[in-house]
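What follows is a short report on a single structure.
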Amino acid sequence: MPLAKRIIPCLDVDKGRVVKGIRFKSLRNVGDPVELGIYYSSEGADELVFLDISASFEGRTTMIDLARRVAENITIPFTVGGGIRSIEDARKLLMNGADKISINTLAVKKPETIRKLALEFGSQCVVVAIDAKRNYTLNSKAKIFIDENGRPFWFEVYIYGGRVPTGIDAIWWARKVEELGAGEILLTSIDRDGTGLGYDLTLIKGVVETVNIPVIASGGAGKPEHILEAFKVGADAALAASIFHYGRYRIREIKEFLRKAGVRVRL
Amino acid sequence: MKIYVANTGVGNLYSLLTALRKLGCEVLVSLSQRDINEADGVILPGVGSFDSALKRLEKVKQKLIEKVTSGTPLLGICLGYQLLFEASEEGSSKGLSIFKGRVIKLPSTVKVPHIGWNTLENIKPSPITEGIKNGSYVYFVHSYYPQPTEQITIAETYYGVWFPSIAGKNSIFGVQFHPERSGQVGLRILSNFLKVVKR
Numbered sequence: 259m260p261l262a263k264r265i266i267p268c269l270d271v272d273k274g275r276v277v278k279g280i281r282f283k284s285l286r287n288v289g290d291p292v293e294l295g296i297y298y299s300s301e302g303a304d305e306l307v308f309l310d311i312s313a314s315f316e317g318r319t320t321m322i323d324l325a326r327r328v329a330e331n332i333t334i335p336f337t338v339g340g341g342i343r344s345i346e347d348a349r350k351l352l353m354n355g356a357d358k359i360s361i362n363t364l365a366v367k368k369p370e371t372i373r374k375l376a377l378e379f380g381s382q383c384v385v386v387a388i389d390a391k392r393n394y395t396l397n398s399k400a401k402i403f404i405d406e407n408g409r410p411f412w413f414e415v416y417i418y419g420g421r422v423p424t425g426i427d428a429i430w431w432a433r434k435v436e437e438l439g440a441g442e443i444l445l446t447s448i449d450r451d452g453t454g455l456g457y458d459l460t461l462i463k464g465v466v467e468t469v470n471i472p473v474i475a476s477g478g479a480g481k482p483e484h485i486l487e488a489f490k491v492g493a494d495a496a497l498a499a500s501i502f503h504y505g506r507y508r509i510r511e512i513k514e515f516l517r518k519a520g521v522r523v524r525l
Numbered sequence: 038m039k040i041y042v043a044n045t046g047v048g049n050l051y052s053l054l055t056a057l058r059k060l061g062c063e064v065l066v067s068l069s070q071r072d073i074n075e076a077d078g079v080i081l082p083g084v085g086s087f088d089s090a091l092k093r094l095e096k097v098k099q100k101l102i103e104k105v106t107s108g109t110p111l112l113g114i115c116l117g118y119q120l121l122f123e124a125s126e127e128g129s130s131k132g133l134s135i136f137k138g139r140v141i142k143l144p145s146t147v148k149v150p151h152i153g154w155n156t157l158e159n160i161k162p163s164p165i166t167e168g169i170k171n172g173s174y175v176y177f178v179h180s181y182y183p184q185p186t187e188q189i190t191i192a193e194t195y196y197g198v199w200f201p202s203i204a205g206k207n208s209i210f211g212v213q214f215h216p217e218r219s220g221q222v223g224l225r226i227l228s229n230f231l232k233v234v235k236r
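In structure tokens:
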């Protein structure tokens, strides 16, 4: 019997408010993170992710107060990410109630941080977020995929909230972060994020086949079928924002759909 | 009601303390023998590794063992549950040896650590499982699991192997999952433990 697949609403936070970016731009405010967290928890969310979307870019400090307030009010696990620049930042979040921290830019710039965090706090609380985008300018070192139209491409890792390309192959990087001790990978498709067109299944499959740690699919969920597709190609959890925030689908409704389709979910 | 929570140092105690306070407990978090003396119940949390947690507990280890073997209820959570056994493949330290058996690594046929929601099965009647049905989901985060050599299993979970996700004898209990992170089911298990403390 496989582990229950997880549904994870993601709350992008900017200046203390939840926002959701359309392809990381043009933000629209949808509410208070703690209240929304309580609501999702009561609706049957398996976990929550709070991402400080501005922090990494603007160099703002992280969301310690938010972690504390969330921890006081919900009884499911949650991850905090965005703008974590040091082990000290991570420690503060974990000591204030975050169950896991998610790092992206820091992991790319100082990969050893992953190992240090895993040694100090355990792999289980170290999530490495990988933001990947299809790149059609071929790179001989990267794993090559073929798209729907027969064109070859590879997945490039982006940092600083999806703004800065790194030249790093996402598939290689996924394997590397596992070696360094990451407990989970939060895998976002920049191409699909905010589009509602479905997850980038090629990306998910590519990473799932490469690593043995859990992979959270992110970027593009627009309807329950998309979540089912992600699970079918091996994702362990599905993260989504807009489809929940705008009330298009309720979590329970999605889980019932998944259960009928034969997926083990917590209901 | 005073609950002593051993301060094993590393890791996240905050949500556990919040949950206990919400359930009406006065919580003492320390490594002080005096606090242990005053407590009505003891919780051994645990994130980190087998050896590092036991090293932190060195000063109060004997006191803790005396306290619980003389009848004060104890709940070990996650690593804190594993510490109750004699030894672990994760380290070389001697465990608290309150439960007989040792702690071993999850099989390589499954993704390790076991992170996520899984079910409690084959639940036996016990004060700690009152109101909890087979198939209830709880939240796990661990790479090792205990293999008792005495009859203490109260509930089991399957993850590549069946392991005792809840165990107990007398008023000493251990849970492999995180009740403070397991929604309503977890809160019920914590309050069941507090009921044992109250008795």
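Chain order of the listed sequences is A and B.
Heads up: the first sequence begins at 259 in this note's numbering, then just goes up one per residue.
Heads up: the second sequence begins at 38 in this note's numbering, then just goes up one per residue.
For glycine and all other residues, C-beta sits at the position ideal for the given N, C-alpha and C.
- Not a single C-beta of chain A is nearer than 8 Å to the C-beta of TRP199 (chain B).
- Per DSSP, PHE411 (chain A) lies in no alpha helix (DSSP H) segment; the continuous beta strand (DSSP E) that holds it begins and ends at 410-417.
- One alpha carbon belongs to GLY425 (chain A), the other to PHE308 (chain A), and they sit about 27 Å apart.
- Listed in chain order, the non-local C-beta contacts of LEU50 (chain B) below 8 Å within the same chain comprise VAL42, ASN44, VAL66 and PRO82, local neighbours out to five positions each way being set aside.
- Each of B:SER52, B:GLN99, B:ALA90 and B:LYS104 was checked against the Cα of GLU75 (chain B), and the nearest Cα belongs to B:LYS104.
- Of the other Cβ atoms in all chains shown, 16 or more fall within 10 Å of the Cβ of PRO482 (chain A); this residue is therefore buried.
- Secondary structure of ARG264 (chain A) (DSSP, three-state): strand.
- A straight-line Cα-Cα distance of about 45 Å links LEU438 (chain A) and SER107 (chain B).
- The closest CA to that of ASN207 (chain B), considering only B:VAL175, B:SER228 and B:PHE136, is found on B:PHE136.
- Going by C-alpha positions, ALA262 (chain A) is about 20 Å away from LEU224 (chain B).
- One finds nothing in chain B with a Cβ atom closer than 8 Å to the Cβ of GLU346 (chain A); even the nearest lies about 14 Å away.
- If you keep only unbroken beta strand (DSSP E) runs of at least 3 residues inside the region 106-177 of chain B, you get 111-114, 138-142 and 151-157.
- In the DSSP assignment, ASN331 (chain A) falls within the unbroken alpha helix (DSSP H) covering 322-331.
- The shortest CA-to-CA distance from MET353 (chain A) to any of A:ASN407, A:GLY420, A:VAL338 and A:ASP310 is the one to A:VAL338.
- By the C-beta criterion, the region 121-134 of chain B is judged not to be in contact with the region 149-158 of chain B, since fewer than 3 inter-stretch pairs fall below 8 Å.
- Taking a Cβ-Cβ cut-off of 8 Å, the neighbours of ARG264 (chain A) in chain B comprise GLY153 and TRP154, given in sequence order.
- In this structure, the alpha-carbon of LYS100 (chain B) lies about 12 Å from that of THR109 (chain B).
- Against chain B, the CB of ALA329 (chain A) has a partner CB under 8 Å away; the residue lies at that interface.
- Leaving aside the five residues that flank ILE512 (chain A) on each side, the residues in its chain whose CB is nearer than 7 Å to its CB run, in chain order, ILE265, PRO482 and ILE485.
- When C-beta atoms of the region 460-474 of chain A are compared with those of the region 502-510 of chain A, fewer than three pairs fall below 8 Å, so the two segments do not count as touching.
- The C-alpha of VAL147 (chain B) is placed about 28 Å away from the C-alpha of ILE402 (chain A).
- ILE448 (chain A) and VAL491 (chain A) have their C-alpha atoms roughly 19 Å apart.
- In this structure, DSSP gives ARG524 (chain A) a state outside helix and strand, which the three-state scheme calls coil.
- Of A:ALA356, A:ARG450 and A:GLY464, the smallest CA-CA separation from SER476 (chain A) is found for A:ARG450.
- Look at the region 375-396 of chain A: the residues with a C-beta under 8 Å from a C-beta of chain B are GLU378, PHE379, GLY380, SER381, GLN382 and CYS383.
- At a cut-off of 8 Å between beta-carbon atoms, PRO472 (chain A) makes contact with chain B.
- With a beta-carbon spacing of about 6 Å, ILE372 (chain A) and ALA440 (chain A) fall inside the 8 Å limit used to define contacts.
- Residue pairing from DSSP leaves PRO369 (chain A) without any beta-bridge partner.
- At a cut-off of 8 Å, the C-beta of PRO183 (chain B) has no neighbouring C-beta in chain A.
- Residue pairing of TRP199 (chain B) in beta bridges, as defined by DSSP: B:TYR195.
- Here ALA56 (chain B) has GLU217, LEU224 and LEU227 as same chain residues with Cβ atoms under 7 Å from its own Cβ, once five neighbours each way along the sequence are excluded.
- Taking 8 Å as the CB threshold, SER52 (chain B) lines the interface with chain A.
- Relative to the Cα of LYS374 (chain A), the nearest Cα in the group A:ARG349, A:THR363 and A:THR395 belongs to A:ARG349.
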